[in-house]
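This report refers to the structure that appears directly beneath it.
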Amino acid sequence: MKYRQRISKTRNIRVGLFDIDDADDYERHMRYALDKLNSNRTILPRKRLFAQIIRMMPDENFHVAKKVCSQVDVGTLAIVGSYLPSKLPVVHSASAILAVPHISTAPAAVKLQQHLQQRVRTRRRVPRSNFSLFLYPPDRDLGKAYRDIVTSRGWKSFTLIYDNPRSLPRLLHLLMMGNDGEAQTFGMMTEYHNYFITSLDLHTVDLQDFQHGRANISGFRLVQPSMISGVFVPREWYLGDIHYGKMHKNAPPVKTQVALLYDSIQLLSEALQMVNESIKFASRSCSKLQPWPQGKMFLNFLKMIKFEGMTGFVKFDSDGYRQNFTLDAMELKRNGLSKVGVWDSSHGLHFTWNYSVAYAEMLQSLKNRTLKVTTILNPPYMMVKKADDQSKNQEQFEQYEGYCVDLLKEMSKILGFKFELRLVRDGSYGTKDSRGIWNGMVRELIDKEADLAIADFTITYEREQVVDFTMPFMNLGISILFRRPAKRPHRLFWFLRPLSLEVWLYMAAAYTLVSLLLFALSRFSPYEWPEPYAECEGVTVHACRKCFSVHNSLWFTVGSLMRQSSELSPRATSTRVVAATWWFFTLIMISSYTANLAAFLTVERMKSPIENADDLAKQTAIEYGCVQSGSTKSFFQSSEIPVYKKMWSTIESARPSVFTQSNSEGVERVLAGDYAFLMESTSIEYETARDCQLTQIGGLLDSKGYGIATPQGSPYAIPFSSVILRLQEDGVLQALNNRWWTPPGLELCPPEDKRTGKVTNELSLVNVGGIFLVLLLGTGAAIVLVVIEFITKSNHRRKRRRR
């Protein structure tokens, strides 16, 4: 009978709730949590918890210790509360002196954390043990979570906004990432601004006015509504609020402090189930600083507890700080806050969102959005329409035409956005000066004055550091634009060009000397004039037809030179050796001449003074340069290749300047002569196809691509890259290239072999006119000679008759 009475007897256990003056919800939820716990007899069948509410004014630090003592005097089991930072050290010290467990739902003071960490590092003994347990995540872990979210977002600069001094040390891990001297402008709700709310109560804030904005608002949430407690307790609290006179139209979201309060009550209930009857909860004398003898034992029970609460997994380390907790990464979407990831101290931040869903949200944000596009004039990428092609009621972008305009139209058909084109103010693509300040289109993107930059805009590493690029829509490289060398005027005796004048003179001298040598040898050799020689009897040497007279020797050598035979034939060994040597000489010379003559008559060698970048760097007669502001200049300026470094030194030191303000100006200087222009190969192809005086010299000096640039952090780069890939696979990009580089009806220059610079032509009268002139002169000379011969012979006969 006595056993049953002891079992049926209920022990009333008091819990002290320290509450700040304006926290009405905190007290109400504390009472409801205790009512729910006490109503469930299966949890604490022989115990009943009661809350003693102690109000604390914000400036009442002196009386905090006395109020703690008042709770000890009535036998309080534990102290639970959320405090202002100035009161926490006082409660912590009082609980340690009196050995009363203290459960705090507020962030631990920084000095208190540093004190405990120092004790762990040095392992030195302290006068009293730590009797405080902190359900709120420690600042060191929250700082790591904030650091991980900033790192995952790729933020390179950010601004911290805090409302009390102790919030700043909590963000120590963020401060260690930053660079001095830079600041961001906040207060603008655009897609280029990201707001991370460090408060764990972001889910309780009404963000309806920002749901359809373009700014990215995100934060962490400690409350876990997916837990059973988190699903059912808020609804029960809503009914409890009705019981306590607090009416709501809808069940309000659970604040972090309220959820921590519930977890603190659950923590006490879990510990009370573990303790036995030997632990006494009797009153003690605070004035005598009498500690609770069994306080340490009960504290150890509390530290051993592990459970799933409204704030997730609850577990404490040896110093009473919470560990192994989980934070939900939240992000504001069109339908409200959504969970996009999870953070924990062991694995860091892990995003759980579906990429397809995120991509669909990007596409949705582009629908009917009017984008500001900055560009620069440079045909055929961007050109102003002719006055005849413009109409009064046309759209703003219809004032321009070109490859980039058509590309934007194709992309807008797929993504559903609109765009406004405007020319960059300073007419520059974008370069960085010695102070690190950008100009041109890059500057406008950095200042968020434009949403896109499209032109023949080269993707470079330096620009990638300050803006985002899509995948390239065109691949190319730097090359050399030069004026094609002018054709030499055709000369009448062009057939003499295969051999130089010096060779022709030496051949004439050889012909004369060999002829005279034959005559001399034939006179001295006894075998060249045999006796009797019937045909030569009674006649002179000059009159002998088959003798090597001077006349016949000249005829023999010229016949051999022309590959023709004569009736003369050397008989002596000496004359035959000379003849054979002459034949070998003429064989080589005539063969060489024939080969060279064929090449000269069929192929015109248009030799350029420069063939590649090496030739350009070695000479000084021809100037060379590039656009004043652009990637070509940056390429040579930063190149470590010796040839390009030498070229940059020449370009930089040239006076007057060899830089141009645009590609058009560079083309004009090339046409003026003695100037080579360094520009992109695609632009060179466009210019050389329309002006046959221009040509490309050598191959590509580098490899790069044109892309669409967006401000850093813009959500548009990814969908634009996907559309560019789609247009490339569908052949749309190639069709646009054909339309603007080789449009139908354009008279292109004749095909050219750029490697050898040869142009094949037919033989015209200009090429062989000199041969006809030689034939005419030869026949004319023959006629004159035959007249002279006839007159001479007639006079000779007349004289003989007179005799």
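Mapping of the sequence shown onto full-length UniProt numbering: position 618 corresponds to residue 618, and the numbering continues sequentially without gaps.
For each residue, glycine too, the CB sits at the ideal point set by N, CA and C.
One or two residues paired with His350 in a DSSP bridge
According to DSSP, which records beta bridges pairwise, His350 is partnered with Val342.
Cβ neighbours of Lys645 in the same chain (closer than 7 Å, five flanking residues each side left out)
Within the same chain, Lys645 has close Cβ partners Ser639.
Look up Phe196 in the DSSP assignment and say whether it is helix, strand or coil.
In this structure, DSSP gives Phe196 an extended state, which the three-state scheme calls strand.
Where does Gly187 fall in DSSP's three states?
Residue placement at Gly187 cannot be trusted, given a pLDDT of 43 that sits under 50; the coordinates are not used to answer.
Check Thr76 in the structure and name its three-state DSSP category.
Note: Thr76 maps to strand in three-state DSSP.
Residue burial classification, Asn626 (beta-carbon count within 10 angstroms, cutoff 16):
This sequence places Cys at residue 626; Asn is not what is there. Under a 10 Å Cβ-count criterion, Cys626 is classified as buried, with 16 or more other Cβ atoms of the shown protein chains found around its own Cβ.
Which of helix, strand or coil DSSP assigns to Ala698:
In the sequence as presented, Ala is not what sits at residue 698; that position holds Gly. Here Gly698 sits in coil by DSSP.
Determine whether the beta carbon atoms of Ser662 and Asn354 lie at a separation below 8 Å.
The beta carbons of Ser662 and Asn354 sit no closer together than 8 Å.
Would you decide whether Thr458 is buried or exposed? Buried here means 16 or more other CB atoms lie within 10 Å of its CB.
Thr458 is classed as buried because its beta carbon has at least 16 other beta carbons within 10 Å across all chains shown.
Residues near Glu410 by beta carbon distance below 7 Å, same chain, minus five either side:
Cβ-Cβ distances below 7 Å link Glu410 to Leu727 and Val732 in the same chain, with the five nearest sequence neighbours on each side left out; the list follows chain order.
Alpha carbon of Gln323 to alpha carbon of Asn300, nearest angstrom
If I take the Cα positions, the gap works out to 16 Å.
Member of Gln208, Arg422, Asp426 and Ser199 whose CA lies at the smallest distance from the CA of Ala329
Among Gln208, Arg422, Asp426 and Ser199, the Cα nearest to that of Ala329 belongs to Ser199.
Under 8 Å between C-beta atoms of Gly336 and Phe351:
It is not a contact, given that the beta carbons lie outside the stated cut-off.
Coarse secondary structure for Tyr359, derived from DSSP in three states
DSSP places Tyr359 in helix when its eight states are reduced to three.
When the distance is taken between beta carbons, is Ala145 closer than 8 Å to Phe196?
The Cβ atoms of Phe196 and Ala145 do not sit closer than 8 Å to each other.
If you count every other CB in all the chains shown that lies within 10 Å of the CB of Ala450, and 16 or more means buried, which is it?
Residue burial annotation: Ala450 is buried, with at least 16 other C-beta atoms found within 10 angstroms of its C-beta.
Using the C-alpha atoms, what's the distance from Val658 back to Ala508?
Annotation: Ala508 to Val658 spans about 52 Å, alpha carbon to alpha carbon.
Run through DSSP, which three-state label would Val223 get?
The three-state reading of DSSP puts Val223 in coil, since its state is none of H, G, I, E or B.
Within 10 angstroms of its Cβ, does Gln290 collect 16 or more other Cβ (buried), or is it exposed?
So Gln290 counts as exposed.
Give me the residue from Arg14, Leu481, Thr557 and Leu44 with the minimum Cα distance to Arg31.
With respect to the C-alpha of Arg31, the residue from Arg14, Leu481, Thr557 and Leu44 having the closest C-alpha is Arg14.
Taking the DSSP output, what are the residues bridged to Asn475?
Its beta-bridge partners are Gly705.
Beta-carbon proximity list for Asp263, same chain, < 7 Å, skipping 5 on both sides:
Hits under 7 Å: Leu135, Gly309, Met310, Thr311 and Val314.
Do Ile610 and Ala676 count as a contact pair if the criterion is CB distance below 8 Å?
Yes, they are a contact pair.
Which of helix, strand or coil does DSSP assign to Leu561?
Note: Leu561 maps to helix in three-state DSSP.
Pull the bridge partners of Thr710 from the DSSP assignment, please.
Listed as beta-bridge partners of Thr710 by DSSP are Asp468.
For Asn40, which residues does DSSP report across the bridge?
Its beta-bridge partners do not exist; DSSP assigns none.
Count the other CB atoms, across all protein chains shown, that sit within 10 Å of the CB of Arg669; report buried if there are 16 or more and exposed otherwise.
With 16 or more other Cβ atoms within 10 Å, it is buried.
CA-to-CA distance, Ser356 to His92, given in whole angstroms
Distance between the alpha carbons of His92 and Ser356 is about 50 Å.
Pick helix, strand or coil for Ser82, following the three-state DSSP scheme.
Coil, per DSSP.
So for Arg483, helix, strand or coil by DSSP?
In this structure, Arg483 counts as strand in the three-state DSSP scheme.
Between which two residues does the beta strand (DSSP E) harbouring Arg571 extend?
In the DSSP assignment, Arg571 falls outside any beta strand (DSSP E) and carries neither an H nor an E.
Could you compute how far the alpha carbon of Glu182 sits from the alpha carbon of Gln465?
Low confidence applies to Glu182: its pLDDT is 38, below 50, so where it sits in the model is not reliable, and the reading given next is rough at best. A straight-line Cα-Cα distance of about 15 Å links Glu182 and Gln465.
Report the three-state DSSP secondary structure of Lys67 (helix, strand or coil).
In the structure shown, Lys67 adopts helical secondary structure according to DSSP, grouped into three states.
Can you say whether Phe18 is buried or exposed, counting buried as having 16 or more other CB atoms within 10 angstroms of its CB?
When all chains shown are included, Phe18 counts as buried.
Backbone CA spacing between Lys333 and Leu207 [nearest angstrom]
A direct Cα-to-Cα measurement between Lys333 and Leu207 gives close to 10 Å.
Per DSSP, the bridge partner or partners of Met382:
As DSSP reads the structure, Met382 sits in a beta bridge with Asn378.
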